[in-house]
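Undergrad:
In the numbering used here, the protein residues as written are 73 to 147.
1. Looking only at DSSP bridge pairs, what is residue 110 linked to?
2. Rounded to the nearest angstrom, what separates residue 120 and residue 91 at their Cα positions?
3. Would you kindly check if the distance between the Cβ of residue 83 and the Cβ of residue 127 is under 9 angstroms?
4. For the beta strand (DSSP E) that residue 93 lies in, which residues bound it at each end?
5. State the start and end residues of the unbroken alpha helix (DSSP H) segment that holds residue 84.
So this is what it looks like as structure tokens:
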């Protein structure tokens, strides 16, 4: 998927409230094809979806990055 499409999908996930913050830098993102587990460590976000495993970036990881950069969602 091209980066611009991943960014659009990340915005859609964020606006739909499909990101759940858990403890210790962990997140769940309800994607179009399932719920994915993500972790933020040392400023990077890691996702267990196939797209991230293949490319090192996905709409879920981009959504979590945007989520955590919002002042109201910061720790």
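All residues carry an ideal CB built from backbone N, CA and C; glycine is no exception. This structure is a prediction, so every number in the text was calculated from the model and none was measured.
TA: Result, derived from the coordinates:
1. 99, 119
2. 15 angstroms
3. no
4. 91-93
5. 75-87
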